[in-house]
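Chains as they are written, first to last, in the numbering used here: chain Y, 226 to 582; chain D, 226 to 582.
2 protein chains.
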Amino acid sequence: MMWPDTRLLDLFGIELPIVQAPMANACGVDMAVAVAEAGGLGSFPCAALSDEKIGAGVAEIRSRTGKPINLNFFCHEPAPADAEREAAWLKRLAPYYAELGAEMPKVPLKASIVPFTAATCAVVEELRPTVVSFHFGLPDAALVARVKKAGCKVISSATTLREARWLAERGVDAIIAQGAEAGGHRGMFLETEIATQIGTLALVQQIVGAVSVPVIAAGGIGDGRSIAAAFVLGAAGVQIGTAYLCCPEATISPLHWAALAEPGRETVITNVLSGRPARGILTRLVREQGPINTAIPAYPLATPALAPLRAKAEAKGSGDFSLLWSGQGGVPVSGLGAKELTRKLAEEALSRLKSLA
Amino acid sequence: MMWPDTRLLDLFGIELPIVQAPMANACGVDMAVAVAEAGGLGSFPCAALSDEKIGAGVAEIRSRTGKPINLNFFCHEPAPADAEREAAWLKRLAPYYAELGAEMPKVPLKASIVPFTAATCAVVEELRPTVVSFHFGLPDAALVARVKKAGCKVISSATTLREARWLAERGVDAIIAQGAEAGGHRGMFLETEIATQIGTLALVQQIVGAVSVPVIAAGGIGDGRSIAAAFVLGAAGVQIGTAYLCCPEATISPLHWAALAEPGRETVITNVLSGRPARGILTRLVREQGPINTAIPAYPLATPALAPLRAKAEAKGSGDFSLLWSGQGGVPVSGLGAKELTRKLAEEALSRLKSLA
Numbered sequence: 226m227m228w229p230d231t232r233l234l235d236l237f238g239i240e241l242p243i244v245q246a247p248m249a250n251a252c253g254v255d256m257a258v259a260v261a262e263a264g265g266l267g268s269f270p271c272a273a274l275s276d277e278k279i280g281a282g283v284a285e286i287r288s289r290t291g292k293p294i295n296l297n298f299f300c301h302e303p304a305p306a307d308a309e310r311e312a313a314w315l316k317r318l319a320p321y322y323a324e325l326g327a328e329m330p331k332v333p334l335k336a337s338i339v340p341f342t343a344a345t346c347a348v349v350e351e352l353r354p355t356v357v358s359f360h361f362g363l364p365d366a367a368l369v370a371r372v373k374k375a376g377c378k379v380i381s382s383a384t385t386l387r388e389a390r391w392l393a394e395r396g397v398d399a400i401i402a403q404g405a406e407a408g409g410h411r412g413m414f415l416e417t418e419i420a421t422q423i424g425t426l427a428l429v430q431q432i433v434g435a436v437s438v439p440v441i442a443a444g445g446i447g448d449g450r451s452i453a454a455a456f457v458l459g460a461a462g463v464q465i466g467t468a469y470l471c472c473p474e475a476t477i478s479p480l481h482w483a484a485l486a487e488p489g490r491e492t493v494i495t496n497v498l499s500g501r502p503a504r505g506i507l508t509r510l511v512r513e514q515g516p517i518n519t520a521i522p523a524y525p526l527a528t529p530a531l532a533p534l535r536a537k538a539e540a541k542g543s544g545d546f547s548l549l550w551s552g553q554g555g556v557p558v559s560g561l562g563a564k565e566l567t568r569k570l571a572e573e574a575l576s577r578l579k580s581l582a
Numbered sequence: 226m227m228w229p230d231t232r233l234l235d236l237f238g239i240e241l242p243i244v245q246a247p248m249a250n251a252c253g254v255d256m257a258v259a260v261a262e263a264g265g266l267g268s269f270p271c272a273a274l275s276d277e278k279i280g281a282g283v284a285e286i287r288s289r290t291g292k293p294i295n296l297n298f299f300c301h302e303p304a305p306a307d308a309e310r311e312a313a314w315l316k317r318l319a320p321y322y323a324e325l326g327a328e329m330p331k332v333p334l335k336a337s338i339v340p341f342t343a344a345t346c347a348v349v350e351e352l353r354p355t356v357v358s359f360h361f362g363l364p365d366a367a368l369v370a371r372v373k374k375a376g377c378k379v380i381s382s383a384t385t386l387r388e389a390r391w392l393a394e395r396g397v398d399a400i401i402a403q404g405a406e407a408g409g410h411r412g413m414f415l416e417t418e419i420a421t422q423i424g425t426l427a428l429v430q431q432i433v434g435a436v437s438v439p440v441i442a443a444g445g446i447g448d449g450r451s452i453a454a455a456f457v458l459g460a461a462g463v464q465i466g467t468a469y470l471c472c473p474e475a476t477i478s479p480l481h482w483a484a485l486a487e488p489g490r491e492t493v494i495t496n497v498l499s500g501r502p503a504r505g506i507l508t509r510l511v512r513e514q515g516p517i518n519t520a521i522p523a524y525p526l527a528t529p530a531l532a533p534l535r536a537k538a539e540a541k542g543s544g545d546f547s548l549l550w551s552g553q554g555g556v557p558v559s560g561l562g563a564k565e566l567t568r569k570l571a572e573e574a575l576s577r578l579k580s581l582a
């Protein structure tokens, strides 16, 4: 049995059309190696790493696998200085700080996630990963051109047809159709309105019909059936995040793990944890200040605004202020490693497709 | 080529596993007859009809087709009298009334959509349709028992796993998994929070794995591929609304039709058009007062609050205040009648499933 669409396999030189979502701060070298060794596309999230750490991480990956990998970067606008807005937001959080006895951070807040720069581009040119994925659109055309010239395939996420067309016009090699079910940050870069974001099933149909590059379905995909369904919709591959969070290779906290394993877990798209809309588990902070709050500091400064509070709460076993990213799909209860999970998902998807014959 | 799951066909005695969504005020006898004649489940929306009109409509349907049909009813709580809230909402709308020179409605507002009653149940017992579908949960257990005793299959919509389990425990014969992409009113009856509503792809997976009755996928399904994908996810059938709205049998306004045909149409879940969350095209009123407004009168009284305004605006060619229900799926541009569309969708779905073999 073959995959009904092999364009993504050919494009990336991989064996299984499964892209592991690059989840910044939630996975690293081990996850990328495991998925790559299984034959999928292992991704190494670089958005929260210094150029030195990117180089060291990739060196370690290369020492453990010769398979293709994806380096992921964010390309948001740097947060503008706005001491007043930051101070007002901290003031709003002050009662929580008082309640937990945590020390308030100082203004100006410091970003730990930095956009893709020319300096980082030089690192990419040296490392030459098979794939470079961007989130929040694309960096400057000149940087994209350099990445492509280095031989890397370039991909990015679209949350609407308009964003997909924009990416296709700028020469991306494949488009991730990020449906509303997806966990973590929405890739939205032209869109600003959460209320009009589109479910995966509808979004994949729309994008597949409008662009000629392969489409990677993302959002709510976490088992063999949903992978098979993505192919039926016309996708050439899938990107999976939440299901991998439950693998031992993930670097999430026990709190996050427990929240994902909760059968009735509820997720919402919220901006109060980072400053940009992202889907995560409904926590006390999100309930009380969100899910969408227009007074929030610019991305990613809402995260350092919470950091001491979160640390204090987590030390007490509470996830009230934690970034518990999660999509709406199911999570595996198998406890499998990421390599075994990747193979199992692929087998189940192929067997599901075969059963329909 | 057979359908991969024939439980719904057997249950309802139909030939094609396509349920036409019962869209109150947007379709009637012609649509139900056309879909039934194609072999799908034609639905006759009864929520906005008097018992007399229900009887007359079914008589006409029966004179034109002997195929199984579905009668749909709403089972919301009647809106409580709240003159203050209604007056406050009308006051908020007053600038629009002044702008258009429309006459404000009087308090108390009058509901045109009424819940399923014992009297209506008696009509159902007489008409004995093959299927009775409910929206917003189920009516009193005694009424459900009477409908089942009359030989009708009972179905209802779930928007979360919790709602699906609730329906299954109460003995429904099948469950519509209404994903967030779906147009029109959310069936939510235990859930009250829009932000945690779930995309079709994720919801169908969850519900299929948790209940033993057949699951009908709804939301974002409007072409052969998405029907096929629903089966791959484990659904035994689909419910399709928006695609049928573009058929000549639909009774929507030219304004609504034009808005659906707009390639970049944007939809949101809003409560400002009726008092309950429903997905429709983003209009001026929704933008300015919604999408979710907690000052809204109880369902369905937000609709009569707008009626004169809407009529005046529509007479001027504006849909600013109209109920332009729409899901997030694609719409057919073929101009086919509902009978031909049903057959085409089924053929395309089967051919898609076959192509994967």
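Don't be surprised by glycine CBs; every beta carbon is placed ideally from N, CA and C.
Going by C-alpha distance, which of the options is nearest residue i?
| i | options | result |
| --- | --- | --- |
| alanine 583 of chain D | D:Lys373, D:Lys331, D:Ala323 | Since the first residue shown for chain D is 226 and the last is 582, residue 583 of chain D is missing from the structure and cannot be characterised. |
| glycine 544 of chain Y | Y:Ala484, Y:Pro529, Y:Pro516, Y:Pro525 | Y:Ala484 |
| glutamine 431 of chain Y | Y:His360, Y:Arg450, Y:Ala402 | Y:Ala402 |
| valine 457 of chain D | Y:Gly466, Y:Leu526, Y:Ile446, Y:Ile465 | Y:Ile446 |
| isoleucine 441 of chain Y | Y:Lys541, Y:Val397, Y:Met227, Y:Arg317 | Y:Val397 |
| alanine 263 of chain Y | Y:Leu578, Y:Arg568, Y:Lys335, Y:Lys579 | Y:Arg568 |
| glycine 282 of chain Y | Y:Gly449, Y:Leu325, Y:Met256 | Y:Met256 |
| phenylalanine 414 of chain D | D:Lys278, D:Ala435, D:Thr384 | D:Thr384 |
| glutamate 416 of chain Y | Y:Phe361, Y:Arg232, Y:Val497, Y:Leu233 | Y:Phe361 |
| leucine 470 of chain D | D:Asp230, D:Ala261, D:Gly253 | D:Gly253 |
| lysine 292 of chain Y | Y:Lys579, Y:Leu241, Y:Leu498, Y:Asp448 | Y:Leu241 |
| serine 288 of chain D | D:Ala259, D:Ala460, D:Pro305 | D:Ala259 |
| tryptophan 228 of chain Y | Y:Gly434, Y:Ala460, Y:Pro247 | Y:Ala460 |
Apart from the five residues just before and just after residue i, which ones in its own chain have a Cβ nearer than 7 Å to its Cβ?
| i | result |
| --- | --- |
| aspartate 276 of chain Y | Ala344, Thr345, Val348 |
| arginine 353 of chain Y | Ala375, Gly376, Cys377 |
| arginine 535 of chain D | Phe546, Ser547 |
| tyrosine 322 of chain D | Met329, Leu534 |
| glycine 560 of chain D | none |
| lysine 335 of chain Y | Pro529 |
| arginine 232 of chain D | Pro439, Ala461 |
Can you name, in chain order, every residue of its own chain whose Cβ lies under 6 Å from the Cβ of residue i, other than the five neighbours on each side?
| i | result |
| --- | --- |
| alanine 194 of chain Y | Because residue 194 of chain Y is not part of the residues shown, which for chain Y are 226 to 582, the question remains open. |
| asparagine 295 of chain Y | Leu266, Ser268, Val356, Ser358 |
| valine 332 of chain D | Ala308, Glu311, Ala312 |
| asparagine 496 of chain D | Pro502, Ile517, Ile521 |
| leucine 531 of chain D | Phe546 |
| phenylalanine 540 of chain D | The residue you asked about is not phenylalanine; residue 540 of chain D is alanine in the sequence shown. Hits under 6 Å: none found. |
Would residue i and residue j be called neighbours here (beta carbons separated by less than 8 Å)?
| i | j | result |
| --- | --- | --- |
| tryptophan 314 of chain D | alanine 520 of chain D | yes |
| isoleucine 243 of chain D | alanine 571 of chain D | yes |
| alanine 251 of chain D | isoleucine 477 of chain D | yes |
| isoleucine 400 of chain Y | alanine 389 of chain Y | yes |
| arginine 411 of chain Y | proline 502 of chain Y | yes |
| leucine 266 of chain Y | isoleucine 286 of chain Y | no |
| glycine 554 of chain D | alanine 454 of chain Y | no |
| glutamine 245 of chain Y | isoleucine 380 of chain Y | no |
| alanine 468 of chain D | proline 525 of chain D | no |
| glycine 404 of chain D | isoleucine 423 of chain D | yes |
| leucine 581 of chain Y | leucine 581 of chain D | yes |
| threonine 528 of chain D | serine 337 of chain D | yes |
| proline 488 of chain D | glycine 462 of chain D | no |
| glycine 552 of chain D | glycine 444 of chain D | yes |
| proline 516 of chain Y | isoleucine 494 of chain Y | yes |
| alanine 319 of chain D | lysine 537 of chain D | no |
| arginine 577 of chain Y | glycine 449 of chain Y | yes |
Counting only the same chain and skipping the five closest in sequence on each side, list residues whose C-beta sits under 8 Å from that of residue i.
| i | result |
| --- | --- |
| alanine 491 of chain D | Note on residue identity: the sequence assigns glutamate, not alanine, to residue 491 of chain D. Counting only Cβ-Cβ distances below 8 Å, and skipping sequence neighbours, we find Ile506, Leu507. |
| phenylalanine 341 of chain Y | Phe298, Phe299, Cys300, Phe359, Pro364, Leu368 |
| leucine 549 of chain Y | Leu480, His481, Ala484, Leu485, Gly505, Ile506, Thr508 |
| arginine 395 of chain Y | Leu363, Ala366, Val369 |
| threonine 421 of chain Y | Thr385 |
Can you confirm whether residue i, when its beta carbon is compared against all beta carbons of chain C, has any partner nearer than 8 Å?
| i | result |
| --- | --- |
| alanine 454 of chain Y | Absent here is chain C; the protein component of the structure consists of chains Y and D. |
Which ranges would you report for the alpha helix (DSSP H) in the region 237–277 of chain Y if only whole runs of at least 4 residues count? 254–263
Beta strand (DSSP E) segments (min. 3 residues) lying fully within the region 411–496 of chain Y: 440–443, 462–465, 492–495
Go through the region 287–374 of chain Y residue by residue and report every complete run of the alpha helix (DSSP H) that reaches 4 residues or more, in order. 308–325, 343–352, 366–374
Mind listing, in chain order, the continuous beta strand (DSSP E) runs of no fewer than 3 residues lying wholly within the region 501–539 of chain D? 503–506
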